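Engineer:
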DNA sequence: TAAGAATCAATCACATTCGATCATCAATCG
DNA sequence: CGATTGATGATCGAATGTGATTGATTCTTA
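Pasting the structure below:
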């Protein structure tokens with residue numbers, strides 16, 4: 096039996112809703128545990144399965160029987176802003192989002208004040224945030240909830256109307272709260288990031304975010320590489336308004352070039368084993 | 096059994112409304128309490144559940160699993176009780192509160208705009224509220240969450256700072272949002288109701304409520320009879336500012352006398368069998 | 001307030017799993 | 001035919017998960 100055939104068998108053999116153990120695969124394929132482990136590690140490296148201690152798990156949403164090609168990151172409809180529900184979006188690309196969120200946390204120092212916009216990546220960030228004396232202004236209800244148990248974090252909300260779909264608060268009026276708030280940093284997700292700038296799909300959101308950006312000294316965009324040059328309609332701001340972009344290894348050289356040419360600091364977040372682990376449960 | 100399998104089972108086993116104990120999980124999964132504790136701590140660290148003493152709870156908005164209903168994450172009506180365990184414990188007198196809350200609902204008409212202040216009785220009221228085209232301004236996070244799934248209810252929040260203890264938003268500044276809001280009715284709880292007026296215990300709360308009351312045409316106080324003439328320190332407003340008091344049968348004749356003498360309409364809510372039954376579930 | 005019960009974190013011992021290394025074997029190529 | 005390459009299997013020390021014990025902490029109840 097050849098390596099590729101075995102790989103195919105392994106992937107077929109994986110159970111969709113539980114861990115398939117090394118022993119199980121050993122028995123099923125008639126090869127040694129060492130070989131199975133090697134296979135699993137390689138397949139994991141290629142992104143075809145999720146390696147865990149004792150075995151492997153099928154990756155959610157990957158059902159292929161044919162031998163798959165090395166990955167170009169597929170276009171993922173993320174964006175809690177769009178029609179996809181918030182929760183659904185949190186599970187797409189979760190390891191990458193975690194990595195990006197973690198990289199974003201490097202920008203935090205105790206005592207800092209920041210604006211955190213709504214979105215699945217920023218939500219992940221809030222989730223991972225330490226309990227330090229930060230001051231956070233957010234429009235997102237999920238982030239608010241998440242920060243409820245960080246006793247040291249001071250949370251401020253802008254006034255406004257609740258939008259259920261996106262679970263955010265948007266303020267149609269100029270807001271006293273906002274006028275008094277000045278943030279060192281603003282963390283923002285997006286639907287797309289193109290040469291034309293930061294893109295969203297919702298008009299109200301665009302207005303709100305523009306207003307928020309005015310209150311921040313430094314704008315930090317959290318966007319996984321599938322967002323770069325993704326199709327989108329409404330521009331929130333030009334590239335010049337952005338200070339930092341945090342993305343993942345999938346960023347193309349070309350894209351990096353035009354980002355840096357616009358004076359943007361580009362940070363590449365490394366996906367660690369823990370990031371994957373944390374996403375397994377979903 | 097593998098770690099990830101166990102994690103999945105644990106999360107499936109969790110309930111948003113109550114704490115699932117370590118013992119319960121131990122029995123269900125057939126592993127030692129030590130392992131369960133380790134798992135719970137890790138899952139908490141990863142943000143997948145809420146660790147509490149004796150067990151864990153499902154985090155609201157994370158109830159998607161293998162069997163997940165993919166789209167519209169319906170928030171359950173009484174979910175936040177589970178989420179904010181403090182509320183569960185503070186809802187004493189629940190049947191009476193339900194009765195009072197139900198009586199308060201009589202004041203609602205579709206299209207009405209109202210202010211709902213924070214508090215356990217007003218929270219009960221929000222919980223029982225129908226899904227009609229109301230417009231609600233509230234400072235209370237639990238009420239906000241509760242109204243998330245009333246699709247027809249328009250919810251507005253004042254800007255301000257989050258106070259964890261009370262789960263409310265207080266606005267130290269004059270707020271643009273508030274200036275533009277005008278409510279037909281305001282529903283408010285209290286710590287005590289005396290001849291000196293509506294009493295609270297918290298200075299910040301007093302300020303905020305005063306400001307809110309200015310924006311409402313009619314002030315409706317929800318206070319069970321134990322609050323009448325109860326000891327309290329800070330006066331929010333004199334009796335003259337109050338239009339209606341809803342209380343229960345325990346109201347003394349004397350108290351009723353001085354309330355009505357102040358021009359206040361007094362309503363007595365009848366506790367039904369269903370109120371008692373509904374309260375047991377919590 | 002104090003005693004008792006429940007829960008917890010830390011730690012140890014044991015079992016499983018892992019990764020690195022090396023020897024073997026088969027296929028390929030000069 | 002012999003040498004080289006690459007895959008496989010075995011071995012072993014290291015790392016990790018698990019269960020039990022213990023002493024500390026927190027909650028409850030009297």
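Residue numbers (the working numbering), protein chains in the order written: chain A, 96 to 377; chain B, 96 to 377. Here a beta-carbon is modelled for each residue, glycine too, at the ideal position from N, C-alpha and C. Remember, predicted model here, so these are calculated numbers, not experimental data.
#1: Helix, strand or coil for residue 339 of chain B? Go by DSSP, reduced to three states.
#2: Which complete alpha helix (DSSP H) runs does the region 194 to 246 of chain B hold, if anything under 4 residues is left out?
#3: Between the region 196 to 213 of chain B and the region 232 to 252 of chain B, do three or more beta carbon pairs fall short of 8 Å?
#4: Please list the partners that residue 153 of chain B has in chain A, where partner means a Cβ-to-Cβ separation under 9 Å.
#5: Taking just the CA atoms, how far does residue 150 of chain B sit from residue 200 of chain A?
#6: If you measure between the beta carbons of residue 338 of chain A and residue 359 of chain A, is that distance less than 8 Å?
#7: Residues in its own chain within less than 7 Å of residue 116 of chain B by CB, not counting five upstream and five downstream?
#8: How big is the Cα-Cα spacing for residue 228 of chain A and residue 242 of chain A?
#9: Residue 274 of chain A to residue 236 of chain A, Cα distance in whole Å?
#10: Alpha carbon to alpha carbon, how far is residue 240 of chain B from residue 106 of chain A? Give it in angstroms, no decimals.
#11: Pick from A:104, A:281, A:256 and A:295: whose alpha carbon is nearest that of residue 125 of chain A?
#12: Thinking residue 308 of chain B and residue 336 of chain B are a contact (beta carbons under 8 Å), I'd like their distance in whole angstroms, please.
#13: Flag this pair as yes or no: are the beta carbons of residue 147 of chain A and residue 365 of chain B separated by less than 8 Å?
#14: Could you tell me whether the Cβ atoms of residue 311 of chain B and residue 281 of chain B are closer together than 8 Å?
#15: Pick out whichever of A:289, A:113 and A:246 has its Cα sitting closest to the Cα of residue 259 of chain B.
#16: Three-state secondary structure (DSSP) at residue 154 of chain A?
#17: With a threshold of 16 other CB atoms inside 10 Å of the CB of residue 266 of chain A, please say whether the residue is buried or exposed.
#18: Whole angstroms are fine: how far does the CA of residue 371 of chain B sit from the CA of residue 322 of chain B?
#19: Residue 362 of chain B lies in the beta strand (DSSP E); which residues open and close that run?
#20: Any Cβ of chain B within less than 8 Å of the Cβ of residue 234 of chain A?
#21: Which residues mark the beginning and the end of the alpha helix (DSSP H) in which residue 114 of chain A is found?
#22: Can you tell me whether DSSP reads residue 96 of chain B as helix, strand or coil?
#23: What does DSSP give as the partner residues of residue 287 of chain A in its beta bridges?
#24: Which residues of chain A have a Cβ atom closer than 9 Å to the Cβ of residue 249 of chain B, listed in chain order?
#25: So what does DSSP say about residue 320 of chain B, is it helix, strand or coil?
#26: Taking the alpha-carbon of residue 367 of chain A as reference, which of A:122, A:143 and A:195 has the nearest alpha-carbon?
#27: Can you name the start and end residues of the alpha helix (DSSP H) that residue 130 of chain B belongs to?
#28: Beta-carbon separation of residue 316 of chain A and residue 283 of chain A under 8 Å?
#29: Closest by CA to residue 341 of chain B, which one among B:257, B:330 and B:354?
#30: Provide the residue span of the beta strand (DSSP E) that contains residue 257 of chain A, from first to last.
#31: Rounded to the nearest angstrom, what separates residue 132 of chain B and residue 119 of chain B at their Cα positions?
#32: Leaving out the 5 sequence neighbours to the left and right, which residues in its chain are closer than 7 Å to residue 350 of chain B when beta-carbon positions are compared?
#33: Between which two residues does the alpha helix (DSSP H) holding residue 146 of chain B run?
#34: Below 8 Å on C-beta distance, what does residue 150 of chain A contact in chain B?
#35: Could you check which residue in A:248, A:348 and A:329 has the C-alpha nearest to that of residue 291 of chain A?
#36: Starting from the beta carbon of residue 253 of chain B, find every residue of chain A whose beta carbon is closer than 7 Å, and list them in chain order.
Structural biologist: According to the data block:
#1: Taking the second chain and counting its residues from 1, the one referred to as residue 339 of chain B is at position 244. Three-state result, residue 339 of chain B: strand.
#2: 215 to 223 and 236 to 242
#3: yes
#4: Numbered from 1 along the second chain, position 58 holds the residue referred to as residue 153 of chain B. None at all; the shortest Cβ gap to chain A is about 12 Å.
#5: Position 105 of the first chain, counted from the start, is the residue given in the question as residue 200 of chain A. Position 55 of the second chain, counted from the start, is the residue given in the question as residue 150 of chain B. Looking at the two C-alpha atoms, the distance is approximately 29 Å.
#6: Counted from its first residue, the first chain places residue 338 of chain A at position 243. Counted from its first residue, the first chain places residue 359 of chain A at position 264. Their beta carbons are under 8 Å apart, which means residue 338 of chain A touches residue 359 of chain A by this criterion.
#7: Start at 1 with the first residue of the second chain, and residue 116 of chain B comes out as number 21. Result list for residue 116 of chain B: 149 and 150, in chain order.
#8: Reading the first chain from its first residue, position 133 is the one you call residue 228 of chain A. Reading the first chain from its first residue, position 147 is the one you call residue 242 of chain A. The straight-line gap from Cα to Cα measures roughly 12 Å.
#9: Mapped onto the first chain, residue 274 of chain A falls at position 179. Mapped onto the first chain, residue 236 of chain A falls at position 141. Approximately 21 Å, taken between the alpha carbons.
#10: For the purposes of this step, residue 106 of chain A is taken as the residue at position 11 of the first chain. For the purposes of this step, residue 240 of chain B is taken as the residue at position 145 of the second chain. Using only the alpha carbons, I get a separation of about 42 Å.
#11: Along the first chain, one-based indexing puts residue 125 of chain A at 30. Taking only the C-alpha atoms, the option nearest residue 125 of chain A is A:104.
#12: Along the second chain, read from residue 1 onward, the residue named residue 308 of chain B stands at position 213. Along the second chain, read from residue 1 onward, the residue named residue 336 of chain B stands at position 241. The pair is a contact, with the Cβ atoms about 6 Å apart (cut-off 8 Å).
#13: Within the first chain, residue 147 of chain A is the residue found at index 52, counting from 1. Within the second chain, residue 365 of chain B is the residue found at index 270, counting from 1. Not in contact: residue 147 of chain A and residue 365 of chain B (Cβ atoms no closer than 8 Å).
#14: Position 216 of the second chain, counting from 1, holds the residue named residue 311 of chain B. Position 186 of the second chain, counting from 1, holds the residue named residue 281 of chain B. Their beta carbons are under 8 Å apart, which means residue 311 of chain B touches residue 281 of chain B by this criterion.
#15: Locating residue 259 of chain B in the second chain gives position 164, counting from the first residue. It is A:246.
#16: Counted from its first residue, the first chain places residue 154 of chain A at position 59. DSSP places residue 154 of chain A in coil when its eight states are reduced to three.
#17: Taking the first chain and counting its residues from 1, the one referred to as residue 266 of chain A is at position 171. Residue 266 of chain A is buried by the Cβ-count criterion.
#18: Numbered from 1 along the second chain, position 227 holds the residue referred to as residue 322 of chain B. Numbered from 1 along the second chain, position 276 holds the residue referred to as residue 371 of chain B. In a straight line, the C-alpha of residue 322 of chain B is about 20 Å away from that of residue 371 of chain B.
#19: Taking the first residue of the second chain as position 1, residue 362 of chain B is located at position 267. Run containing residue 362 of chain B: 360 to 364, per the beta strand (DSSP E) assignment.
#20: For the purposes of this step, residue 234 of chain A is taken as residue 139 along the first chain, with counting starting at 1. So, not an interface residue.
#21: Start at 1 with the first residue of the first chain, and residue 114 of chain A comes out as number 19. Residue 114 of chain A -> no alpha helix (DSSP H), and no H or E assigned at all.
#22: Taking the second chain and counting its residues from 1, one reaches residue 96 of chain B at position 1. Residue 96 of chain B falls in the coil class under three-state DSSP.
#23: As a position in the first chain, residue 287 of chain A is number 192, starting the count at 1. Answer is A:294, bridged to residue 287 of chain A.
#24: Within the second chain, the letter at position 154 stands for residue 249 of chain B. Per Cβ cutoff of 9 Å: 256 and 257.
#25: The sequence position of residue 320 of chain B within the second chain is 225, counting from 1. Of the three classes helix, strand and coil, the one that applies to residue 320 of chain B here is helix, per DSSP.
#26: On the first chain, position 272 is the one that residue 367 of chain A refers to. Comparing Cα positions, the closest option is A:195.
#27: As a working mapping, residue 130 of chain B is identified with position 35 in the second chain. Taken as a continuous stretch (DSSP letters only), the alpha helix (DSSP H) holding residue 130 of chain B covers 128 to 140.
#28: Your numbering for residue 316 of chain A matches position 221 in the first chain. Your numbering for residue 283 of chain A matches position 188 in the first chain. Taking 8 Å as the Cβ cut-off, residue 316 of chain A and residue 283 of chain A qualify as a contacting pair.
#29: Working through the second chain from its first residue, we reach residue 341 of chain B at position 246. The shortest C-alpha separation from residue 341 of chain B is found at B:354.
#30: The residue you call residue 257 of chain A lines up with position 162 of the first chain. Note, residue 257 of chain A: beta strand (DSSP E), 255 to 258.
#31: Here residue 132 of chain B refers to the residue found at position 37 of the second chain. Here residue 119 of chain B refers to the residue found at position 24 of the second chain. Each residue's alpha carbon lies about 12 Å from the other.
#32: The residue given as residue 350 of chain B occupies position 255 in the second chain. The answer, listed in chain order, is 323 and 324.
#33: Taking the second chain and counting its residues from 1, the one referred to as residue 146 of chain B is at position 51. From DSSP, residue 146 of chain B is part of no alpha helix (DSSP H) but of the beta strand (DSSP E) over 144 to 147.
#34: For the purposes of this step, residue 150 of chain A is taken as the residue at position 55 of the first chain. Within 8 Å Cβ-Cβ: 97.
#35: Here residue 291 of chain A refers to the residue found at position 196 of the first chain. Comparing Cα positions, the closest option is A:329.
#36: By 1-based counting over the second chain, the position of residue 253 of chain B is 158. Those are 254, listed as they occur along chain A.
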